[in-house]
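Numbering (this note's numbering), first residue to last: 728 to 951.
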């Protein structure tokens, strides 16, 4: 239903247009029921930060005691950045804004632009001979690796670029850091194993290896 009846693009278009059709409403309700609103779509393996309105013990299974990531870091960061002394130290001036937030509704974005394909911009960079890296954390369901890989593969096909580095693993230390594939030595695709939408937050070491290799023009490590 999510792909054949009402996909996410259509839902977003209707949502920001101010009128969600009954069929899209039913589909998204079903998706929410099946996936649960207590799963972080930006990192499907992480626990979620539960509001004080809810009791975490009632909606989530008991903590295993092995989680090393603070899942409430975004809320804590927002509270920190709203401290007057912190804002003063950062020389931040909240003109006309009572409270800073990660996603502010003070700025009005043209949400219809969300559907403008990015492949055109990426194509221009590749045609100009500029190295391009498209990557995804493999625990991110918002920009999943399947979508990113499809984007790069389609681009390479349109530009007639052959695979120069076949799909393979890359290493960070003695562990698999992810997978990668390169086309024509210009555009490359990579995944970061165990990473979320904000990859450096959940996998800082692996993200550093990926970014450093790209910026230095080196291939990702093939062995440890």
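Even glycine gets a Cβ: it sits at the ideal position worked out from N, Cα and C.
- With respect to residue 945, residue 864 sits apart: the two C-beta atoms are not nearer than 8 Å.
- Residue 743 and residue 734 have their alpha carbons spaced roughly 15 Å apart.
- If the five residues before and after residue 845 are omitted, its C-beta is found closer than 6 Å to no C-beta atom of its own chain.
- Between the region 758-767 and the region 908-922 there are fewer than three inter-stretch CB-CB distances shorter than 8 Å, so the stretches are not counted as touching.
- Between residue 940 and residue 922, the gap from beta carbon to beta carbon reaches 8 Å or more.
- In this chain, the alpha helix (DSSP H) harbouring residue 931 covers 931-943.
- Leaving aside the five residues that flank residue 947 on each side, the residues in its chain whose CB is nearer than 6 Å to its CB run, in chain order, 897, 907, 940.
- Contact annotation, residue 751 with residue 776: C-beta distance approximately 28 Å; criterion of less than 8 Å not satisfied.
- Contact holds between the region 879-891 and the region 839-854, because three or more Cβ pairs, one in each stretch, are under 8 Å apart.
- Taking residue 816 as reference, the option from 807, 830, 746 with the minimal CA-CA separation is 807.
- Excluding sequence positions up to five before and after residue 738, its CB lies within less than 6 Å of the CB of 751, 755, all in the same chain and listed in chain order.
- Taken through DSSP and simplified to helix, strand or coil, residue 914 comes out as strand.
- In this model, residue 771 and residue 810 are separated by some 31 Å (Cα to Cα).
- Listed as beta-bridge partners of residue 825 by DSSP are no residues whatsoever.
- Residue 740 sits in a helix when the DSSP states are folded into three classes.
- Contact annotation: residue 869 and residue 892 have beta-carbon atoms that are not nearer than 8 Å.
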